[in-house]
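Below is one structure, written out as structure tokens, with a few remarks after it.
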Amino acid sequence: MRVIVQKFGGTSLRGEEERGAAARHVVAAVQQGLRPVVVVSAMGRRGDPYATDTLVELAREAFPEVPSRDLDLLMACGEIISAVVFAQVLRRLGMRSVALTGGQAGLVTDGQFGDARILRVDPEPLRRYLERGEVPVVAGFQGVTEDGREITTLGRGGSDTTAAALGVALRAEVVEIYTDVDGIKTADPRLVPEARTLSTATYDEIVQMAHEGARVVHPRAVELAMRGNVPLRIRSTFSDDPGTLITRHWEVDQVWPDLRQARAVTGITHIPGLTQITLHTAGEDDQAMNVRLFRALADRGISVDMINVSPRRKSFVVRDERAGEARAALEELGLKPELRPGCAKVTVVGAGMHGVPGVMARVVEALKAADVSILLTVDSHMTISCLVDGRDLGRAVRALHDRFGLAEVPPVLDGPERAPREGRPGDAGEAGEAPSAAAGRPAVAG
């Protein structure tokens, strides 16, 4: 049985026309001999009648402090409504369909309301529907606790996570994430109009891009798909374009032979609204000071990024909205932090940059030519991040995008779009082994 998981976001389900466009992709999958499992988000966005934010605002109008358990019960309703409505759209097109909650689809979670982790997925309920020729339409973003008594939600990007988890459990050929853009871009098209849609990318690259500001797919979903060795495809609901295929590094190399140097950088991402905090600590016990200041921030739940620590200087960034709390925490320790608000983090991402000389040189050359000052840098094996003044953000992103030639369309090369899944090293289906529940990711029951 050839299974495909198709996830549709809120903008893809907002109105009758959008739902019709989404349904055509389901019909196309069936015509190709595939067995689709559909995952849906709540319909629309804030202000639309059944959107999650709209439902939450309704409850808070009655009482502002809604308990987390009640909030999850309410937020799950948006996806359930969407599942029921979309199941009827498919029936109108002559398909047998059934609407399911996350729990009915076999998703079992821990009890952390608002940000639950999937403990395991029982694929048998969905397999039974598929074997009967029905199309399950699953409410995303939710699951049920092990005792079956409480509905939980999975936090931001929860419907993407649902789709990836079901894809791994069902050993799907691919998980398709449908949205209102035609794939993952080389940069934010609002800043770089000529940004190109990536035809292929690795799991690692997209996880990094998502963590560093790209918002097309949630990193948790990509990590799940990577662990289960299930390809992801990001597509537009409103076109037949193939979108972006996300898969393993060695498969991408088959699509791009001899182009590893050309793909040193895959994309440019950015995060605005950051405050740089600098401390000068000359003459103090350095290790003790490190412990005191970072513990003080941690105890207040303040996340820090771009950390640069030396014996005489500590520098890091926090979100603008948490900068006041961070200042207060540090001043309570007798420190005198220097704050620079309104900064932005610009990151070049590429699985091919590791060990390639000259990438950092090109970064600093591009920013210098654009008259953009670098306030702080950090790097990893596939990222180089620069902190810049927020007023220079657009100029910085465009300069880096141009410097690495990301708008240029690579040559079309012969070769398979992706290798067959059978027999691939590390395939979750080998020897009947299922992924474990380590690190809060789902195991497969059955």
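The opening residue of the sequence shown carries number -5 in this note's numbering; numbering runs sequentially from there.
Glycine included, each C-beta is placed from N, C-alpha and C at the ideal position.
For clarity, every value in this text was computed on a predicted model and none was experimentally measured.
For the beta strand (DSSP E) holding residue i, just list the boundary residues, first then last.
i    : result
S6   : Here S6 belongs to no beta strand (DSSP E), and DSSP marks it neither H nor E.
V224 : Careful: V224 lies outside any beta strand (DSSP E) and carries neither H nor E.
M203 : No beta strand (DSSP E) contains M203, which is instead part of the alpha helix (DSSP H) from Y197 to H205.
T269 : G261 to H274
R54  : Run containing R54: none in the beta strand (DSSP E); it sits in the alpha helix (DSSP H), T46 to A56.
M300 : D299 to V303
G27  : Premise fails: G27 is in no beta strand (DSSP E) and is neither H nor E.
G318 : Taken as a continuous stretch (DSSP letters only), G318 belongs to no beta strand (DSSP E), being part of the alpha helix (DSSP H) at A317 to E325.
A93  : S91 to L94
T241 : T238 to T241
K339 : E332 to V343
L101 : L101 to T103
Relative to the C-alpha of residue i, which candidate in the options has its C-alpha closest?
i    : options                   : result
A158 : P183, V(-1) and D42       : V(-1)
E332 : R316, R184, S309 and V350 : S309
L400 : L291, A276 and A189       : A189
D386 : S374, A360, T377 and H375 : A360
R221 : G149, S233 and V201       : V201
R229 : A219, E217, V211 and R242 : V211
P266 : R294, C380 and Q26        : C380
D198 : L226, N284, V175 and G177 : L226
S62  : V79, G108, V115 and L28   : G108
V259 : G349, G27, D66 and L160   : G349
V169 : D176, V175, T156 and I178 : T156
A166 : M(-5), A282 and R242      : M(-5)
T196 : L67, E326 and M376        : M376
L369 : F398, P351 and G336       : G336
V372 : V303, T5 and G346         : V303
S374 : T191, R29, G346 and A99   : G346
V24  : T5, L124, S6 and L67      : L124
I378 : V357, P30 and F398        : V357
L287 : H264, L327 and G161       : L327
T523 : Y44, E402 and R214        : An answer regarding residue 523 cannot be provided, because it is not within the stretch -5 to 440 covered by the chain.
V115 : L164, L329 and V175       : L164
R313 : K330, R334 and T238       : R334
G207 : I178, R289, R85 and G88   : I178
P119 : M69, R54, A81 and L160    : L160
H264 : R289, R122, Q106 and R209 : R209
G88  : L28, R29 and V21          : V21
I112 : E59, L218 and R85         : L218
D141 : V92, G105 and A110        : G105
R29  : V129, K362, L329 and A317 : V129
Where do the ends of the alpha helix (DSSP H) carrying residue i lie?
i    : result
E73  : S62 to R86
F310 : No alpha helix (DSSP H) contains F310, which is instead part of the beta strand (DSSP E) from R307 to R313.
V285 : D280 to D293
Spatial neighbours of residue i within its chain, please: C-beta separation below 8 Å, excluding the five flanking residues on both sides.
i    : result
V138 : T95, G96, G97, L101, V102, T103, E144, I145 and T146
R8   : M37, G38, R39 and D42
V311 : L268, T269, Q270, I271, V298, D299, M300, C337, K339, L370 and L381
N284 : V303 and K308
Leaving out five residues on either side along the sequence, give the residues of the same chain with a beta carbon under 6 Å from the beta carbon of residue i.
i    : result
F2   : A16, V34 and Y172
E51  : none
F135 : E73, T147, L148, G152 and S153
A364 : R389 and A393
R415 : In this prediction, R415 scores a pLDDT of 41, lower than 50, which makes its location untrustworthy; the coordinate-derived value is nonetheless stated afterwards. Counting only Cβ-Cβ distances below 6 Å, and skipping sequence neighbours, we find nothing.
F232 : A15
V83  : R13 and A17
T46  : A36, M69 and G72
D293 : none
Within a Cβ cutoff of 7 Å, which residues of the same chain sit near residue i, ignoring the five residues on either side of it in sequence?
i    : result
F442 : Lying outside -5 to 440, the shown extent of the chain, residue 442 is not represented and no answer is given.
I291 : At residue 291 the sequence reads Leu, which differs from the Ile that was named. V298, A320 and A323, listed in sequence order.
V366 : V382, D386, R389, A390 and A393
G127 : R90
H274 : R306 and R307
A215 : G151, D154, T155, A157 and A158
T48  : R40, G41 and D42
Less than 7 Å between CB atoms is the rule here; does residue i satisfy it with respect to chain B?
i    : result
A163 : Given the protein chain composition of this structure (a single chain), no chain B is represented.
Jot down the residue ranges of each uninterrupted alpha helix (DSSP H) in the segment 108 to 195, minimum 4 residues, whole runs only, in chain order. 118 to 125 and 152 to 163
Report yes or no: do the segment 172 to 187 and the segment 28 to 41 share at least 3 C-beta pairs separated by less than 8 Å? no
Is the segment 388 to 395 close to the segment 333 to 345, with three or more CB pairs under 8 Å? yes
Within the segment 358 to 390, ranges of the beta strand (DSSP E) (whole runs, at least 3 residues): At a cut-off of 3 residues, the continuous stretches assigned as beta strand (DSSP E) that sit fully inside the segment 358 to 390 are 370 to 373 and 377 to 383.
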